[in-house]
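J.: My questions will all concern the structure given below.
Residue numbers (mature numbering (1 follows the signal peptide of the UniProt record, and there is no 0)): -20 to -1, 1 to 540.
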């Protein structure tokens, strides 16, 4: 008898201990009542839900049924269905269809069958095509990028505007001109004659300029007598001047130098591998890679390491421990650096770069391609640009063109307020994670590989993963941590993200500080309607369905 009583006591004790360790995840619920007033209240994400029309409710009822929002009410997910903000039984209870399951298509109920699927309010046959909630005949029409049904043979220009390329030309995605598409060139929404004018771009705006010069900022310049420095025009004086950032340096002046796009005076400053130092208080200044030192007190070994002036000769390699990794004869950090044919590239591996074998160059696969004569399967892009060097090695890096897919949809029309909810319907949101993030800082990298592509760096705070329980260890580990998101695009929508919250859909594991996002990732503004739409749609994802089946099986076993 005693062992049974002791076992029961231990079970009760363990339950109390586990309950005592439960973490309370507080959130803020913002909702709008039927009278139009907005309210805000705190709630426990572990045991409560936030409904955008009725506020905070318990996540389970007295019978332990899971509850979800439905208009200004809640409903039992296992026995009820929500349609047009009204609650119905998930199975018909009376009549000839009693017992049959119902499905809600937008705002209308239908009898569920495997041969049909929702298309707006309609429940259409699976072999019928659907475009933005409307069925259509794909033999006579097609679904355009703006989710509009268009007669075959026509194109779209803006919203609900169709045109024939043989008679009209669309510029700027919204303005039609009554000339054939083959004539003239677009410059924003305008038409230009390329023989007399050209289209320039400055600050993300299209500007029409005369074709007599080359584009520079808001004007043009004569490349034979002038230079263009980041939008500013200066006389070149027969090549004496050279650009340095948005200004210039005189190459004839030995005391001037350009350091990280800044003009410096060599009498007062020194540039060490792109890092600027003042030398007003140092005797005999010199550089050792990025380090500044006095050549009277120290010396630089292997162009990398500073040693005392009295240290033994360092003409050979510096001795290393047997456990250290070598690149040729020099030590390097294989976790962060790359060794490419005995040449070290510091922190190249950390930032996702790779060696372009068999050369000593590195490239970033996100926006560059390595073209080498050792590669027997060259792409067309490589074969167009390859040139053989004197060493017999053929290798170049080519920059990829910008795109507006994946994470970079933020720079497209899909991110306009009127299109965001539509775009969620047409994309795959079945990712591993849906992470709430807060953007603290937006910046553009100004050195290294990032110069070849319009990259943007977002410094963000990790809040919560909607696709995982708030009790999940990853949510607790990452909560409040800072990560650097690198986006392969740049636009005003991204620049305006600072101090705002967003929802990031991704399959990437947040196991390091630098996170490179791309075509497999999506980001949306963290609005209640967006969050609800994505959460609702995620329930149709394979992992969510499998999880529910597993839960049902476990419940059936426990009943037996």
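The beta carbon of each residue, even a glycine, is placed where N, CA and C say it ideally should be.
To the nearest angstrom, how far is the alpha carbon of residue 176 from that of residue 254?
T.: Here residue 176 refers to the residue found at position 196 of the chain shown. Here residue 254 refers to the residue found at position 274 of the chain shown. Roughly 42 Å between the two C-alpha positions.
J.: Apart from the five residues just before and just after residue 113, which ones in its own chain have a Cβ nearer than 7 Å to its Cβ?
T.: As a first step, residue 113 is located in the chain shown; it is residue number 133 there, counting from the start. Excluding residues within five positions, the ones whose Cβ falls inside 7 Å are 86, 99 and 100.
J.: What separation, rounded to the nearest whole angstrom, lies between the Cα atoms of residue 83 and residue 68?
T.: As a first step, residue 83 is located in the chain shown; it is residue number 103 there, counting from the start. As a first step, residue 68 is located in the chain shown; it is residue number 88 there, counting from the start. When rounded, the distance between both Cα atoms is 10 Å.
J.: Below 6 Å CB to CB, which residues in the same chain sit around residue 169 once its five sequence neighbours on both sides are set aside?
T.: Position 189 of the chain shown, counted from the start, is the residue given in the question as residue 169. Closer than 6 Å at the Cβ level, and outside the excluded window around residue 169, lie 151, 152 and 155.
J.: So, is residue 503 buried or exposed, given that buried needs 16 or more other C-beta atoms within 10 angstroms?
T.: Translated into the one-based positions of the chain shown, residue 503 becomes position 523. Counting Cβ neighbours within 10 Å, residue 503 comes out buried, since at least 16 surround it.
J.: Which residues does DSSP list as the beta-bridge partners of residue 88?
T.: Looking up residue 88 in the chain shown gives position 108. According to DSSP, which records beta bridges pairwise, residue 88 is partnered with 85.
J.: Just to check my reading of the structure: residue 514 and residue 414 have Cβ atoms closer than 8 Å, yes? What is that Cβ distance to the nearest angstrom?
T.: Locating residue 514 in the chain shown gives position 534, where the first residue counts as 1. Locating residue 414 in the chain shown gives position 434, where the first residue counts as 1. Contact flag correct, Cβ pair sits at about 6 Å.
J.: To which residues of the same chain is residue 301 closer than 6 Å at the C-beta, ignoring the five residues directly before and after it?
T.: Against the chain shown, residue 301 aligns to sequence position 321. Residue confidence is low: residue 301 scores 45 on pLDDT, short of 50, so the model does not pin down where it sits. No coordinate-derived value is stated.
J.: Report yes or no: do three or more beta-carbon pairs, one from the segment 487 to 502 and one from the segment 460 to 475, lie closer than 8 Å?
T.: Cβ pair count under 8 Å is three or more, so yes.
J.: Considering just the uninterrupted stretch of the beta strand (DSSP E) at residue 61, what are its terminal residues?
T.: Within the chain shown, the letter at position 81 stands for residue 61. Unbroken beta strand (DSSP E) run through residue 61: 60 to 63.
J.: Got a sec, what are the start and stop residues for the alpha helix (DSSP H) residue 497 sits in?
T.: As a position in the chain shown, residue 497 is number 517, starting the count at 1. Here residue 497 belongs to no alpha helix (DSSP H), and DSSP marks it neither H nor E.
J.: Can you tell me whether residue 18 is buried or exposed, with buried defined as 16 or more other CB within 10 angstroms of its CB?
T.: Taking the chain shown and counting its residues from 1, the one referred to as residue 18 is at position 38. Counting Cβ neighbours within 10 Å, residue 18 comes out exposed, since fewer than 16 surround it.
J.: Is the separation between the beta-carbon of residue 223 and that of residue 207 shorter than 8 Å?
T.: By 1-based counting over the chain shown, the position of residue 223 is 243. By 1-based counting over the chain shown, the position of residue 207 is 227. Yes, the pair counts as a contact, with Cβ atoms nearer than the cut-off.
J.: Per DSSP, residue 228 is paired with what?
T.: As a position in the chain shown, residue 228 is number 248, starting the count at 1. Answer by DSSP bridge pairing, in chain order: 223.
J.: In three-state terms, what does DSSP make of residue 435?
T.: Against the chain shown, residue 435 aligns to sequence position 455. Here residue 435 sits in coil by DSSP.
J.: When the Cα atoms are used, what is the spatial distance from residue 142 to residue 408?
T.: Numbered from its first residue, the chain shown carries residue 142 at position 162. Numbered from its first residue, the chain shown carries residue 408 at position 428. Straight-line Cα distance between these residues: approximately 28 Å.
J.: In terms of alpha-carbon separation, which member of 89, 250 and 269 lies closest to residue 262?
T.: In the chain shown, residue 262 corresponds to position 282, counting from 1. That would be 250, whose Cα lies nearest to the Cα of residue 262.
J.: Count the other CB atoms within 10 Å of the CB of residue 216; is the residue buried (16 or more) or exposed (fewer)?
T.: In the chain shown, counting from the first residue as 1, residue 216 sits at position 236. It counts as buried.
J.: So, with DSSP's three-state summary, where would you put residue 395?
T.: Stepping through the chain shown from its first residue, residue 395 is reached at position 415. In this structure, residue 395 counts as helix in the three-state DSSP scheme.
J.: Can you give me the start and stop residues for the alpha helix (DSSP H) that residue 541 sits inside?
T.: The structure shown does not extend to residue 541, since the chain spans only -20 to 540, so no value can be given for it.
J.: Give me the Cα-Cα distance between residue 443 and residue 401, rounded to the nearest whole angstrom.
T.: Residue numbering aside, residue 443 sits at position 463 when the chain shown is read from its first letter. Residue numbering aside, residue 401 sits at position 421 when the chain shown is read from its first letter. The straight-line gap from Cα to Cα measures roughly 23 Å.
J.: Taking buried to mean at least 16 other C-beta atoms within 10 Å of its own C-beta, is residue 276 buried or exposed?
T.: Numbered from its first residue, the chain shown carries residue 276 at position 296. Its Cβ having fewer than 16 others within 10 Å, residue 276 is exposed.
J.: With DSSP run on the structure shown, which of helix, strand or coil describes residue 297?
T.: To locate residue 297, count along the chain shown from 1; it is residue 317. No answer about residue 297 holds up, because its pLDDT of 48 lies below 50 and its placement is not dependable.
J.: What are the boundary residues of the alpha helix (DSSP H) that residue 148 is part of?
T.: Along the chain shown, read from residue 1 onward, the residue named residue 148 stands at position 168. Premise fails: residue 148 is in no alpha helix (DSSP H) and is neither H nor E.
J.: In this structure, does DSSP put residue 366 in helix, strand or coil?
T.: Position 386 of the chain shown, counted from the start, is the residue given in the question as residue 366. Note that residue 366 scores a pLDDT of 41, beneath 50, so its modelled location is shaky; the value from the coordinates is reported in the next line. Coil at residue 366, not helix or strand.
J.: From residue 66 to residue 49, what does the alpha carbon distance come to, in whole angstroms?
T.: As a position in the chain shown, residue 66 is number 86, starting the count at 1. As a position in the chain shown, residue 49 is number 69, starting the count at 1. C-alpha separation (whole angstroms): 10 Å.
J.: Assign residue 419 to buried or exposed, taking buried as 16 or more other Cβ atoms, counted over all protein chains shown, within 10 Å of its Cβ.
T.: Counting from one through the chain shown, the residue named residue 419 turns up at place 439. It counts as buried.
J.: Using the rule of at least 16 other Cβ atoms within 10 Å of the residue's Cβ for burial, across every protein chain shown, is residue 445 buried or exposed?
T.: Counting from 1 along the chain shown, the entry for residue 445 is found at position 465. That one is buried.
J.: Can you give me the C-alpha to C-alpha distance between residue 187 and residue 180, rounded to a whole angstrom?
T.: On the chain shown, position 207 is the one that residue 187 refers to. On the chain shown, position 200 is the one that residue 180 refers to. Approximately 5 Å between the Cα atoms of the pair.
J.: Taking 8 Å as the threshold (C-beta atoms), are residue 411 and residue 316 in contact?
T.: Taking the chain shown and counting its residues from 1, one reaches residue 316 at position 336. Taking the chain shown and counting its residues from 1, one reaches residue 411 at position 431. Not closer than 8 Å, so no.
J.: Give the C-beta separation of residue 256 and residue 234 to the nearest angstrom, bearing in mind that I take them to be a contact with Cβ-Cβ under 8 Å.
T.: Position 276 of the chain shown holds residue 256. Position 254 of the chain shown holds residue 234. The Cβ separation is near 18 Å, so there is no contact.
J.: Could you pull out every residue in the same chain whose Cβ sits closer than 7 Å to the Cβ of residue 129, ignoring the five residues on either side in sequence?
T.: Looking up residue 129 in the chain shown gives position 149. Result list for residue 129: 111, 114, 116, 121 and 123, in chain order.
J.: Note down the Cα distance separating residue 196 from residue 209, rounded to an integer number of angstroms.
T.: Counting from 1 along the chain shown, the entry for residue 196 is found at position 216. Counting from 1 along the chain shown, the entry for residue 209 is found at position 229. Spanning the two alpha carbons is a distance of roughly 8 Å.
J.: For the beta strand (DSSP E) containing residue 245, list its first residue and its last residue.
T.: The residue labelled residue 245 in the question sits at position 265 within the chain shown. Unbroken beta strand (DSSP E) run through residue 245: 242 to 245.
J.: Using three-state DSSP, classify residue 521 as helix, strand or coil.
T.: Translated into positions along the chain shown, residue 521 becomes position 541. Coil, per DSSP.
J.: How big is the Cα-Cα spacing for residue 541 and residue 91?
T.: The chain is shown from -20 up to 540; residue 541 falls before or after that span and cannot be answered.
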